[in-house]
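Right, one structure below, let's go through it.
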Amino acid sequence: MTSWDQAPAPAQVGRRVLEGLFRRTLPDDTAAAINNITHWEYGALNGAPYGIVAGSLSSPRAAYGLLFGASVWATSYVVLPLAGLYKPIWEYDRRTLAKDLSAHLVYGLTTAVVFNRLTSRSRRRRARDPERT
Numbered sequence: 347m348t349s350w351d352q353a354p355a356p357a358q359v360g361r362r363v364l365e366g367l368f369r370r371t372l373p374d375d376t377a378a379a380i381n382n383i384t385h386w387e388y389g390a391l392n393g394a395p396y397g398i399v400a401g402s403l404s405s406p407r408a409a410y411g412l413l414f415g416a417s418v419w420a421t422s423y424v425v426l427p428l429a430g431l432y433k434p435i436w437e438y439d440r441r442t443l444a445k446d447l448s449a450h451l452v453y454g455l456t457t458a459v460v461f462n463r464l465t466s467r468s469r470r471r472r473a474r475d476p477e478r479t
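Going by my numbering, the first residue of the sequence shown is number 347, and it counts up by one from there.
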């Protein structure tokens, strides 16, 4: 992408935030970088509440990530049209929606698997020695 006209929603969100915060117009050649940074930040911001919820469950499952990914996807089709960055969901064709949903399902599943790997050791330790927690 070489201009803001070609930039997808994550870049546009990042652009609005940065231009509003710094009161400066971002040049076109920053669109790709802003898109990448915003995607990573958004993913991390969504991953934090997932960790809180999954960490509260007695036995978190990787499959919960699919529900998480689907909810992130659905939320984007509510919030981004209200922000004027997406069309309403019914204006997209099935292929576009399926591609976007599949990417969010992969994100959700990856978030769940990574969370489970990072926390499984401490869960096993607590199960062996509950007084240490």
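Using N, Cα and C, we set each Cβ at its ideal position, and we do this for glycine too.
{"query": "Delimiting residues of the alpha helix (DSSP H) encompassing residue 419", "result": "410-428"}
{"query": "Boundaries of the alpha helix (DSSP H) in which residue 350 is found, first to last residue", "result": "That residue, residue 350, is in no alpha helix (DSSP H); it is neither H nor E in DSSP."}
{"query": "Beta-carbon proximity check, residue 357 vs residue 378, cutoff 9 Å", "result": "yes"}
{"query": "Local conformation of residue 403 per DSSP, three classes", "result": "coil"}
{"query": "Three-state secondary structure assigned by DSSP to residue 453", "result": "helix"}
{"query": "Residue burial classification, residue 394 (beta-carbon count within 10 angstroms, cutoff 16)", "result": "exposed"}
{"query": "Local Cβ density within 10 Å of residue 368, reported as buried at 16 or more and exposed below that", "result": "exposed"}
{"query": "Opening and closing residue of the alpha helix (DSSP H) in which residue 431 lies", "result": "From DSSP, residue 431 is part of no alpha helix (DSSP H); its letter is neither H nor E."}
{"query": "Three-state secondary structure (DSSP) of residue 361", "result": "helix"}
{"query": "DSSP three-state assignment for residue 374, whether helix, strand or coil", "result": "helix"}
{"query": "Alpha-carbon to alpha-carbon, residue 384 and residue 443", "result": "21 Å"}
{"query": "Reduced DSSP category for residue 446 - H, G, I as helix; E, B as strand; rest coil", "result": "helix"}
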